[in-house]
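Residue numbers (the working numbering): 1 to 521.
Just so you know, even glycine gets a beta-carbon here, dropped at the ideal spot from N, CA and C.
Here it is, written out as structure tokens:
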């Protein structure tokens, strides 16, 4: 009896260890705030972080010893194009092996129109990454007006506004535009302002592939800022860059424009991929007015001798402005009618076809490719100094502008495999353009805040357990333009919603990703 009473009195002084599903120990905790790392542990249970700190006591089902490794929030890629490729590789290995646990799709004006249906489908598919989406203006406009080159009527505007309204209620995080793509190119600013006001009612944001990223880039930036100003909506300018050799150095003008806008009170941020080449459709070499309506109409126009001559002249003028003699800067990534073109420049393909080594003939080769449906391409034409200057801007995120890659399919841009690893290896470790802490902040808490992913982007108690564990001295992008199909190295563990998805640099097959919803739902 005496012993029983003594045991009862001592109960308050006995420490009972809490239990968790997964415990990460001995890591360098870099929590996503931009603060310096510290040694500590992270405890995870039921998909959430339930403990984090220097001295926490937990009993775990599984323990990861992260000695010598960085423990950070899972990376958030705010500019992706997943539509149609989710099912090709639901494990999303090209993103997961680059430390990405969440993707925002629906960019550049291209998305599913029925956002509710899309997010329900994502939930049923079960990908390895979380997915949020914007509602794309180009597809909204196509749903109402097709590819028509004209202003919307009042009735058509009401229909488009209704689609955006429903999309925001269904969980879109905002509205996106792609103003170099048809039919966005045909759209005037007031139409975009009206639709952005709808997104703003639900606390969404406006993300834009601007109307120009080369000669008229300052006017394009001002248009994006005008939309933010008039619609009273936060602005995200996509893949901020300077295209064309003759525009190199102009980031000393464009970055201060963003800084000035923020001082004015416009909530504007930007994103960037860390490469000197872009990637998009070969159709961007063709004048906008030729691309109206469908493929049959485009082909018919290009077969008209007078229009053909006009298009050739336009392509040659673009080449002259870049101070180039040949279309060597445009490299085919994927051409369905003849995959032997993949990985070759227009200059090379033109010679393969037995044509004269002249720019005029190369322009005709572009036209011939377009007549057969077009192709995706990589365009080399940005300056390294602009990349670095833009990277130093503190409200700039890193984004791949890529879809889920399928190994050995085409010759895609390496950004789809190595964006984050390239930043961490080339620009942090080797060239010291920014610090590791700052790079992690840009990949985690900054995008989570901007896209209102409220329980992501930080290592904090109660937050979703999206976590990457990597070796800062080993992490590296392996994908190159010549050999793009290679996963990044150095990410030893990746955890998505508390589930171990990469274990010792091997995908476990776990698909624990979820659809993430915007504030209007």
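Once DSSP output is grouped into helix, strand and coil, what is the label at residue i?
i: residue 205; result: strand
i: residue 177; result: strand
i: residue 10; result: Note that residue 10 has pLDDT 46, beneath the 50 cutoff, so the model's placement of it is unreliable and the number below is only indicative. Of the three classes helix, strand and coil, the one that applies to residue 10 here is helix, per DSSP.
i: residue 15; result: Only weak support is given to the placement of residue 15: the predicted model assigns it a pLDDT of 46, under 50, and the question is left unresolved by the model.
i: residue 339; result: helix
i: residue 219; result: helix
i: residue 402; result: strand
i: residue 366; result: helix
i: residue 496; result: strand
i: residue 41; result: strand
i: residue 236; result: strand
i: residue 383; result: coil
i: residue 420; result: helix
i: residue 151; result: coil
i: residue 446; result: helix
i: residue 503; result: strand
i: residue 509; result: coil
i: residue 183; result: coil
i: residue 228; result: helix
i: residue 23; result: strand
i: residue 397; result: strand
i: residue 28; result: strand
i: residue 190; result: helix
Report all residues from its chain with a CB closer than 6 Å to the CB of residue i; omit the five preceding and five following residues, and keep chain order.
i: residue 483; result: none
i: residue 61; result: 21
i: residue 463; result: 49 and 455
i: residue 341; result: 332, 335 and 349
i: residue 75; result: 99, 100, 420 and 443
i: residue 521; result: 171
i: residue 485; result: 407 and 408
i: residue 45; result: 20 and 21
i: residue 66; result: 24, 26, 27 and 469
i: residue 247; result: 214
i: residue 450; result: 269
When we look at the beta-carbon of residue i and count the other beta-carbons within 10 Å, is it buried (16 or more) or exposed?
i: residue 534; result: As shown, the chain starts at 1 and ends at 521. That puts residue 534 outside it, with no answer to give.
i: residue 454; result: exposed
i: residue 128; result: buried
i: residue 353; result: exposed
i: residue 264; result: exposed
i: residue 499; result: buried
i: residue 223; result: buried
i: residue 405; result: buried
i: residue 513; result: buried
i: residue 431; result: exposed
i: residue 106; result: buried
i: residue 427; result: buried
i: residue 17; result: exposed
i: residue 413; result: buried
i: residue 259; result: exposed
i: residue 418; result: buried
i: residue 39; result: exposed
i: residue 601; result: Missing from the structure shown is residue 601; the chain here goes from 1 to 521 and no further.
Starting from residue i, trace the beta strand (DSSP E) both ways and give me its first and last residue.
i: residue 75; result: 75 to 77
i: residue 347; result: No beta strand (DSSP E) contains residue 347, which is instead part of the alpha helix (DSSP H) from 346 to 352.
i: residue 377; result: 376 to 380
i: residue 331; result: 330 to 334
i: residue 133; result: 130 to 133
Grab me the residues of residue i's own chain with a C-beta within less than 7 Å of its C-beta, minus the 5 sequence neighbours each way, in chain order.
i: residue 470; result: 69, 70, 99, 490, 491 and 492
i: residue 124; result: none
i: residue 347; result: 326, 327, 328 and 362
i: residue 388; result: 433
i: residue 298; result: 290, 291 and 370
i: residue 315; result: 285, 363 and 366
i: residue 251; result: 242, 386, 389 and 390
i: residue 422; result: 274 and 477
Please return the same chain residues whose Cβ sits closer than 8 Å to the Cβ of residue i, not counting the five positions on each side in sequence.
i: residue 142; result: 183
i: residue 473; result: 429
i: residue 441; result: 32, 33 and 34
i: residue 91; result: 127, 128, 507, 509 and 511
i: residue 195; result: 137, 140, 160, 161, 164 and 175
i: residue 466; result: 73, 74, 101, 102, 130, 456, 495, 496 and 497
By the DSSP assignment, the alpha helix (DSSP H) with residue i in it spans what residues?
i: residue 425; result: From DSSP, residue 425 is part of no alpha helix (DSSP H); its letter is neither H nor E.
i: residue 562; result: Nothing in the structure corresponds to residue 562, since the chain is present only between 1 and 521.
i: residue 316; result: 305 to 321
Which runs of the beta strand (DSSP E) spanning at least 3 residues fall entirely within the segment 247 to 300, listed in chain order? 268 to 272 and 277 to 281
In chain order, which beta strand (DSSP E) runs of at least 3 residues are fully inside the segment 48 to 115? 48 to 53, 58 to 65, 70 to 73, 75 to 77 and 100 to 105
Note down, one range per segment and in chain order, each beta strand (DSSP E) of at least 3 residues found wholly within the segment 459 to 493. 467 to 470
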